[in-house]
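*Asks:* This is the structure, below, for whatever I ask next.
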Amino acid sequence: MDRTFGPLATSFHARMDILIGLPRMLLAAAGIGLVIFVHELGHFLAARACGVRVEVFSLGFGPSLLSWVRGTTRYQLALVPLGGYVRMAGEEGRPQGAAAAPDSLWAKPVGQRFFIYSGGVLMNLLFGLIVFPILFARGVPFTEPVIGDVLPGGPAWQAGLQSGTRVLEVNGQQVYEYGHMLTQVALGDPLETTLKVRSPGASEPHDVRVVPRLEPTQHLHMIDVGPPLDARGKLSVDADGPAAAGGLADGALLLAVIGAPAEWPLSEQLAFATSEPRPLELRVQQPAGDEGARETVVRVQPRELPRVGAPRLGISPPRQHVSALRSNPDLDALGLRVDDRLLALNGAPLRKAYDLERALLALLDTRPPGTDARMHLDVRRGSRKLQLSAELPDRARALALCADLALRVDAESTEVVVAPGEAAARAGLRDGDRIRAVDDQPVLVWRTLQELVSRAADAGLAVRLSVERPIPGEAPAQLELIVDPQPIAGVDWGFSPLTGRYVYRSESLSEALAAGALCSWRFVEDSWLTIKRMLLGQVGSQNIGGIITIGRASYSWAEEGLAKLFYFLAMLSINLAFLNVLPIPVLDGGHLAFLLIEKLKGSPVSERVYGYSQMVGLVLILSLMVYVTYNDILRLF
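The structure is reproduced here in structure tokens:
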């Protein structure tokens with residue numbers, strides 16, 4: 013009975029998800045179709061205004077799925093939804109010998125043809141200039157331009173930015189949402205970015221200069237910050253998850269994570285508490301019910317997720333390599349340096365994220381009141397082991413010491429941190445063990461270890477590890493362990509904090525119009541900067557996407573409501589206008605370029621030049637379509 017019920021339940025939920033998502037898919041598809049329709053409508057209206065007969069108005073390419081004729085024009089929906097076209101009388105070629113028909117394209121002067129070919133671009137711009145002000149007048153939900161998590165050692169951390177800082181401007185340009193802030197950083201000066209910010213608790217803004225980091229995978233400049241959490245700490249709770257089973261209600265407000273430093277932001281408290289798969293205790297305010305809102309403590313037992321993915325050992329390198337330091341008197345007193353490796357604090361091993369915080373807080377908790385104590389930090393500096401000592405600071409200074417110290421994984425070590433319950437742990441491997449060889453192949457750095465283990469695991473083979481285990485006061489023990497790689501188990505607590513959101517709304521019609529015009533210009537400028545940075549090699553071409561990316565983005569924005577969907581469509585319309593005006597043969601911009609040449613020289617370019625240019629333009633556009641579709645497919649996997 014159970015064997016039948018499980019798949020049926022899964023199938024039922026899958027069908028329900030499809031049914032729920034179907035209206036959004038249709039809405040997203042209709043939205044993309046609307047932008048294409050607006051563009052082609054521009055050409056159509058311009059042609060009609062100039063007295064040119066329109067033979068076909070098509071949404072899509074290829075065979076017609078649905079068509080009707082009205083007047084002299086056939087209107088159709090075609091099979092391939094990758095654009096659209098308007099076919100005008102005489103467009104297929106220049107008249108040879110005989111005069112062109114008066115209602116054909118070539119019978120019209122250069123100025124009118126220029127207007128016809130620019131009609132789509134003008135209509136796309138007009139669409140943005142109309143839609144943006146309407147949206148801003150009614151209100152559009154955005155992620156707040158506030159810094160959430162700050163990656164230790166990253167550019168924002170080095171500049172002293174902290175969680176909760178509101179970003180007002182990037183390089184002199186006002187920002188009103190988190191994504192806009194990241195875009196301006198990515199497209200700005202790669203050598204330095206100037207942020208106007210307001211720090212938490214401050215009343216006046218100030219400027220901060222940040223040197224962005226080039227992310228090698230995406231080839232984008234970043235400052236390594238995360239999005240903000242909801243200011244009230246609102247939580248989204250899975251109805252069938254462990255948090256709900258523990259009594260946590262959807263929409264509850266997180267007040268504190270018990271056991272985590274209360275001085276930290278909630279995001280840091282959650283990261284601290286979930287760094288190990290242990291039960292959580294959350295102090296929350298449950299949503300108002302019959303008895304009103306109430307404060308309570310909820311215990312959440314983590315749930316192990318199904319083991320899926322590639323087989324692995326369940327080991328990781330230690331996070332103990334000092335990558336960066338900020339000015340801090342207690343760090344200065346210790347004499348810690350960049351590239352030191354942390355080993356232990358007063359005998360407590362330091363290998364994982366938050367080990368230093370836990371060790372310092374444990375020392376403070378065990379120190380007798382009114383007494384002084386010292387901290388002794390064991391480090392490896394080059395080939396030497398040192399012990400650095402200083403006065404044990406109070407709680408606030410101890411947390412500040414940790415905040416001003418950035419650690420990264422030690423890629424030059426073969427020491428391991430072992431995940432509890434995974435293949436390596438079951439085979440007897442322990443935290444702090446050093447792997448000297450894999451299947452008799454020597455290992456000197458972590459990358460070699462990773463490659464050898466992955467190769468064997470992907471082939472479905474067990475690995476033989478030559479292990480060196482340190483023993484205090486004695487020579488290290490030499491061990492041989494056989495480990496059978498298995499997929500890693502994930503952990504789920506069944507809840508997640510919501511992102512900080514707000515509604516941007518203009519206070520007057522004039523402000524909405526100004527904001528709409530500024531927003532439209534910003535997207536034109538961003539499109540130009542994207543192409544410029546790509547040509548200069550400062551933005552990777554893998555970041556551009558095609559119809560699949562546009563479709564997925566449309567669906568995602570449709571999930572957030574009509575206001576966000578139309579914001580995306582207006583942005584897409586502005587981008588389409590910019591791309592179409594580029595002087596590439598086949599595109600509108602290519603036709604406009606030839607018309608400018610015709611106006612200057614008094615006659616059209618030769619048929620030979622025109623024909624070859626169209627072929628080159630077509631090959632270029634098709635190649636670009638193949639490339640962006642390839643990028644889209646890579647993103648899917």
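Just so it is clear: in the sequence shown, position 479 is 491 by our numbering, and no numbers are missing.
Glycine residues also receive a C-beta, built at the ideal position from the N, C-alpha and C atoms.
Does the separation of the CB atoms of residue 654 and residue 68 fall below 8 angstroms?
*Replies:* Because the chain spans 13 through 649 in this model, residue 654 falls outside it and cannot be assessed.
*Asks:* Tell me whether residue 544 is buried or exposed, calling it buried when 16 or more other Cβ atoms sit within 10 Å of its Cβ.
*Replies:* Its Cβ having fewer than 16 others within 10 Å, residue 544 is exposed.
*Asks:* Please report the straight-line C-alpha distance between residue 4 and residue 489, rounded to a whole angstrom.
*Replies:* Given a span of 13 to 649 for the chain in the structure shown, any question on residue 4 remains unanswerable.
*Asks:* My output table needs one value for residue 513: the three-state DSSP class, helix, strand or coil.
*Replies:* It is a strand residue.
*Asks:* Cβ of residue 496 within 8 angstroms of Cβ of residue 474?
*Replies:* It is a contact, given that the beta carbons lie within the stated cut-off.
*Asks:* With DSSP collapsed to three states, give me the class of residue 635.
*Replies:* It is helical.
*Asks:* Of the residues 348, 292, 37, 60, which one's Cα is nearest the Cα of residue 83?
*Replies:* Of the listed residues, the one whose Cα sits closest to residue 83 is 60.
*Asks:* In the DSSP output, what is residue 490 paired with across the bridge?
*Replies:* 480, per the DSSP bridge assignment.
*Asks:* Just verifying my parser: in three-state terms, what is the DSSP assignment at residue 92?
*Replies:* DSSP places residue 92 in strand when its eight states are reduced to three.
*Asks:* Thinking just about the alpha-carbon of each residue, which of 442, 424, 365, 436 is nearest to the one in residue 460?
*Replies:* For the residues 442, 424, 365, 436, the minimum Cα distance to residue 460 belongs to 424.
*Asks:* Nearest-angstrom Cα distance between residue 365 and residue 170?
*Replies:* Roughly 19 angstroms between the two C-alpha positions.
*Asks:* Touching or not, the segment 268 to 278 and the segment 347 to 355, by the rule of three or more beta carbon pairs under 8 angstroms?
*Replies:* Judged by Cβ distances under 8 angstroms, the segment 268 to 278 makes no contact with the segment 347 to 355, as fewer than three pairs qualify.
*Asks:* Where does residue 348 sit, in a helix, a strand or coil, going by DSSP?
*Replies:* Three-state DSSP puts residue 348 in coil, outside helix and strand.
*Asks:* To the nearest angstrom, how far is it from the Cα of residue 596 to the Cα of residue 531?
*Replies:* Taking the straight line joining both Cα atoms gives about 26 angstroms.
*Asks:* Would residue 500 pass as an interface residue toward chain C - the criterion being a Cβ-Cβ separation below 8 angstroms?
*Replies:* You won't find chain C in this structure, because it holds only one protein chain.
*Asks:* Kindly list the residues whose CB is nearer than 8 angstroms to the CB of residue 638, restricted to its own chain and excluding five residues on each side of it in sequence; keep chain order.
*Replies:* Closer than 8 angstroms at Cβ, skipping near neighbours: no residue.
*Asks:* Express the C-alpha separation of residue 331 and residue 146 in angstroms, rounding to a whole number.
*Replies:* Those two C-alpha atoms are separated by around 50 angstroms.
*Asks:* Assuming contact is defined by CB atoms lying nearer than 8 angstroms, are residue 509 and residue 266 in contact in what I supplied?
*Replies:* The answer is yes: Cβ separation under 8 angstroms.
*Asks:* What do you get for residue 627, buried or exposed, if any count of 16 or more other CB atoms within 10 angstroms of its CB means buried?
*Replies:* Result: exposed.
*Asks:* Using CA coordinates, which residue listed in 504, 211, 537 is at the minimum distance from residue 319?
*Replies:* The option with the nearest alpha carbon to residue 319 is 504.
*Asks:* Relative to the C-alpha of residue 257, which residue among 143, 286, 314, 104 is closest?
*Replies:* It is 314.
*Asks:* If the criterion is Cβ atoms closer than 8 angstroms, does the pair residue 478 and residue 448 meet it?
*Replies:* Yes, these two residues count as a Cβ contact at 8 angstroms.
*Asks:* So for residue 222, helix, strand or coil by DSSP?
*Replies:* Reduced to three states, the DSSP call for residue 222 is strand.
*Asks:* Entirely within the segment 294 to 371 and at least 3 residues each: give me those beta strand (DSSP E) ranges in chain order.
*Replies:* Those beta strand (DSSP E) runs which fall completely within the segment 294 to 371 and span 3+ residues are 304 to 312, 331 to 337, 353 to 357.
*Asks:* For residue 453, count the other beta carbons within 10 Å of its own beta carbon; 16 or more makes it buried, fewer makes it exposed. Which is it?
*Replies:* Its Cβ having fewer than 16 others within 10 Å, residue 453 is exposed.
*Asks:* Using the Cα positions of residue 378 and residue 386, report the straight-line distance between them to the nearest angstrom.
*Replies:* Using only the alpha carbons, I get a separation of about 12 angstroms.
*Asks:* Taking the beta strand (DSSP E) that residue 550 falls in, what are its first and last residues?
*Replies:* Neither: residue 550 is in no beta strand (DSSP E) and is coded neither H nor E.
*Asks:* Secondary structure at residue 610, three-state DSSP: helix, strand or coil?
*Replies:* The answer is helix: DSSP assigns residue 610 an H, G or I state.
*Asks:* Where does the unbroken alpha helix (DSSP H) through residue 585 begin, and where does it stop?
*Replies:* Its alpha helix (DSSP H) spans residues 574 to 592.
*Asks:* On a Cα-Cα basis, can you pick out the residue from 402, 494, 416 that is closest to residue 437?
*Replies:* Looking at the Cα atoms, 494 is the closest of the given residues.
*Asks:* Quick one: which unbroken alpha helix (DSSP H) runs of 4-plus residues sit fully inside the segment 212 to 300? Chain order, please.
*Replies:* Segments of the alpha helix (DSSP H) lying fully in the segment 212 to 300: 254 to 257, 278 to 285.
*Asks:* Can you tell me whether residue 128 is buried or exposed? The criterion is at least 16 other CB atoms within 10 Å of its CB, across all chains shown.
*Replies:* Buried, by the Cβ-count rule.
*Asks:* Per the contact definition of three or more C-beta pairs closer than 8 angstroms, is the segment 176 to 183 in contact with the segment 203 to 217?
*Replies:* Judged by Cβ distances under 8 angstroms, the segment 203 to 217 makes contact with the segment 176 to 183, as three or more pairs qualify.
*Asks:* Within this structure, are the beta carbons of residue 512 and residue 240 separated by less than 8 angstroms?
*Replies:* Yes; because the gap between Cβ atoms is below 8 angstroms, this pair is in contact.
*Asks:* For residue 389 and residue 346, which I take to be in contact (beta-carbon distance under 8 angstroms), what is that distance rounded to the nearest angstrom?
*Replies:* So it is a contact: roughly 6 angstroms between Cβ atoms.
*Asks:* Assuming the contact rule is C-beta atoms closer than 8 angstroms, residue 159 and residue 205 should be a hit. Round their C-beta distance to whole Å, please.
*Replies:* With a Cβ gap of about 13 angstroms, residue 159 and residue 205 do not count as contacting.
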